[in-house]
Amino acid sequence: MAKKKVVHYINQFYAGVGGETDASVGLSVHEGPKGPGVFLGQCLGDDYEVVKTIVCGDNTIAEHPEEIIPQIVDIVKNEAADLFVAGPGFNAGRYGLGCGNATAAVTEQLEIPAVTALYAENPGTDLYKNRCYILQSDNNAHHMKEVVAQVAKFAKRLVDGDNIADGKAEGYHGSGPAIKIDYTIPAPERALTMLLAKYTKQPFHTEVMMPNHEEIPVPVLEKPLSECKIAILIPTIL
Numbered sequence: 021m022a023k024k025k026v027v028h029y030i031n032q033f034y035a036g037v038g039g040e041t042d043a044s045v046g047l048s049v050h051e052g053p054k055g056p057g058v059f060l061g062q063c064l065g066d067d068y069e070v071v072k073t074i075v076c077g078d079n080t081i082a083e084h085p086e087e088i089i090p091q092i093v094d095i096v097k098n099e100a101a102d103l104f105v106a107g108p109g110f111n112a113g114r115y116g117l118g119c120g121n122a123t124a125a126v127t128e129q130l131e132i133p134a135v136t137a138l139y140a141e142n143p144g145t146d147l148y149k150n151r152c153y154i155l156q157s158d159n160n161a162h163h164m165k166e167v168v169a170q171v172a173k174f175a176k177r178l179v180d181g182d183n184i185a186d187g188k189a190e191g192y193h194g195s196g197p198a199i200k201i202d203y204t205i206p207a208p209e210r211a212l213t214m215l216l217a218k219y220t221k222q223p224f225h226t227e228v229m230m231p232n233h234e235e236i237p238v239p240v241l242e243k244p245l246s247e248c249k250i251a252i253l254i255p256t257i258l
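The sequence shown begins at 21 in our numbering and counts up one residue at a time.
Written as structure tokens, this is what we have:
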């Protein structure tokens with residue numbers, strides 16, 4: 021049985037090219053896995069193979085997305101990849117923009133399983149969380165192995181066609197990729213098909229994805245209310 025082909029995108033740092041001084045290097049393609057892609061391949065298992073690693077400098081992909089993103093899509097398409105993985109990018113701003121943009125483009129244009137992982141406050145999260153799957157990650161790469169393992173587990177579910185629930189249940193930001201609906205099929209028929217699929221435990225996709233709102237914790241007083249100083253502001257109408 022042929023292995024499922026994976027294309028992985030990482031930046032210049034994780035590819036071992038260099039740090040900030042090399043952030044303007046151009047796009048390059050390498051055979052097999054590099055950097056975190058090695059562990060990604062191990063987590064995916066024997067049925068998967070990281071066939072290509074796309075490397076691009078953070079400055080390059082952030083400043084010239086109109087040139088770089090189409091190239092990434094073409095590489096993934098030419099490889100006939102079964103899966104695309106970007107990052108994870110954690111809270112690295114330009115890297116996160118590249119991860120989100122590339123994952124969204126592959127998701128929308130090639131319609132194959134694609135996933136990345138970013139921190140909640142990464143600028144790439146807000147921009148692309150409703151266009152592709154962006155798993156929640158830590159602020160930095162301290163837990164790289166745990167996040168890569170999480171990405172691999174989720175990616176395999178995408179490839180297998182498993183039912184993916186809302187972001188709060190599954191651990192991804194936003195609503196994920198847009199849901200495609202075949203409006204040539206009457207709504208009652210679509211609803212009945214989903215109901216039967218759910219009842220028989222078959223894969224199905226809801227047409228209404230609930231938004232994944234950020235949970236804001238209730239403030240907690242640090243001392244008893246009797247010891248607090250309360251300021252009252254009374255507006256004056258002139």
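For each residue, glycine too, the CB sits at the ideal point set by N, CA and C.
- Bounds of the beta strand (DSSP E) holding V71 are Y68 to C76.
- Per DSSP, Y148 is one residue of the alpha helix (DSSP H) stretching across P143 to Y148.
- Along the length of the region 182–254, whole alpha helix (DSSP H) runs at least 4 residues long occupy 187–190 and 207–219, reported in chain order.
- Counting along the chain, L103 sits inside the beta strand (DSSP E) bounded by residues L103 to F110.
- Annotation for V167: P108, A137 and S157 place their beta carbon closer than 6 Å to its own, counting only its chain and skipping 5 residues before and after.
- A distance of 9 Å or more separates the beta carbons of A185 and C152.
- Per the coordinates, the alpha-carbon of F174 lies some 19 Å from the alpha-carbon of G144.
- Between F224 and N183, the beta carbon gap of about 6 Å places them in contact (Cβ cut-off 8 Å).
- With contacts defined as CB atoms closer than 9 Å, K97 and E69 fail to qualify as a contacting pair.
- Under the three-state reduction of DSSP, Q170 is assigned to helix.
- Distance between N121 and I89, taken at the CA atoms: about 7 Å.
- Bounds of the beta strand (DSSP E) holding N31 are K24 to N31.
- Straight-line measurement puts the Cα of Q222 at about 32 Å from the Cα of A140.
- Taking Q62 as the centre and dropping the five residues before and after it, the same chain places no C-beta closer than 8 Å to its C-beta.
- The alpha-carbon of G55 is positioned some 19 Å away from that of T80.
- DSSP lists no beta-bridge partner residue for I95.
- If you check the CB distance, A134 and G118 do not come in under 9 Å.
- For A112 and G39, the gap between their C-alpha atoms comes out near 12 Å.
- For V93 against Q129, the beta-carbon gap comes to about 5 Å, under 8 Å, which counts as contact.
- Proximity to A169 across V58, T204, T127 and E99 peaks at V58, based on C-alpha coordinates.
- Per DSSP, Y115 is one residue of the alpha helix (DSSP H) stretching across G113 to L130.
- L64 has no beta-bridge partner at all, per DSSP.
- Per DSSP, reduced to three states, the secondary structure at A161 is helical.
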